[in-house]
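Counting with mature numbering (1 follows the signal peptide of the UniProt record, and there is no 0), you get residues -18 to -1, 1 to 159 for the letters of the sequence shown.
Just so you know, even glycine gets a beta-carbon here, dropped at the ideal spot from N, CA and C.
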Amino acid sequence: MICLVLFYTIVLVSGLASAPIRFSLGAQVGYTTYKVFEIGDGQLFHGNATVECLMGNSSYMAPEPCGKCKVTPVYCKVGKSPQYFMLSDGVLYDQRGAIGEIVANHQFQFDLPSQSSALFNKGWSVVSSNGKRLLSLHGSTRFWHCQAGTNGLYKLYDASIGGQCSPVYIVVLQQVW
């Protein structure tokens, strides 16, 4: 399974629905993490630009069934970027204040104002699963990346829109300032 990676500025714990944090995006494919970027109209893409990933040096309380065992999650280090996203009260925002949403064609993008035909523009949270922090939309952690043409770029969706798509998880990971 391919994983989509979110980079964040503080340690998150299981079941977090809201936190005023800034993060970047990346797509994890095997052991390689690719940087995700937002273009001017709010669409999200990833290509071949990679970021360095290292093992985490902090631990957090893992959810059941592990109970009180400590888990050391994997995280990626990325530098400060003028492009960032925030999660607050179940709503995702970008650096412009645009709202993260799933639009009518199932694409994950940011709009200001939110599109009236958007399928979802709230309900985002962060959950823990197998030592990783995953972005969840109304309880679902499964997302898709779909190839956009033949130039090696991929767009992000909440559902498959065809044979050019593969399932991904959005993983919340640490950012280095």
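Beta-carbon proximity check, residue i vs residue j, cutoff 8 Å
i      : j      : result
Trp126 : Leu69  : no
Lys104 : Val73  : yes
Phe90  : Tyr139 : yes
Val150 : Leu116 : no
Limits of the beta strand (DSSP E) - the one that residue i falls within
i           : result
His88       : That residue, His88, is in no beta strand (DSSP E); it is neither H nor E in DSSP.
Leu69       : 67 to 70
Arg124      : 124 to 129
Lys62       : From DSSP, Lys62 is part of no beta strand (DSSP E); its letter is neither H nor E.
Lys137      : 136 to 139
Asp23       : Unbroken run through Asp23: none, as it is neither H nor E.
residue 210 : Since the first residue shown for the chain is -18 and the last is 159, residue 210 is missing from the structure and cannot be characterised.
Closest by C-alpha distance to residue i, when choosing among the options
i           : options                       : result
Cys128      : Lys104, Leu26, Tyr66, Ala86   : Leu26
Leu7        : Gly22, His28, Asp93           : His28
Asn133      : Val18, Asp23, Asn30, Gly22    : Asn30
Ser63       : Val18, Gln89, Asn87, Leu117   : Val18
Asp23       : Phe5, Pro95, Ala141, Thr32    : Pro95
residue 160 : His88, Asn87, Asp93           : Residue 160 falls outside the range modelled here, since the chain spans only -18 to 159, and no answer is possible.
Ala100      : Ser118, Asn87, Thr123, Val109 : Asn87
Val33       : Ile21, Ala9, Glu20            : Ala9
Gly131      : Gln97, Gly144, Ser110, Arg78  : Gly144
Sheet register partners of residue i (DSSP bridge)
i      : result
Ile81  : Tyr75, Asp93
Leu101 : According to DSSP, which records beta bridges pairwise, Leu101 is partnered with nothing at all.
Thr32  : Tyr16
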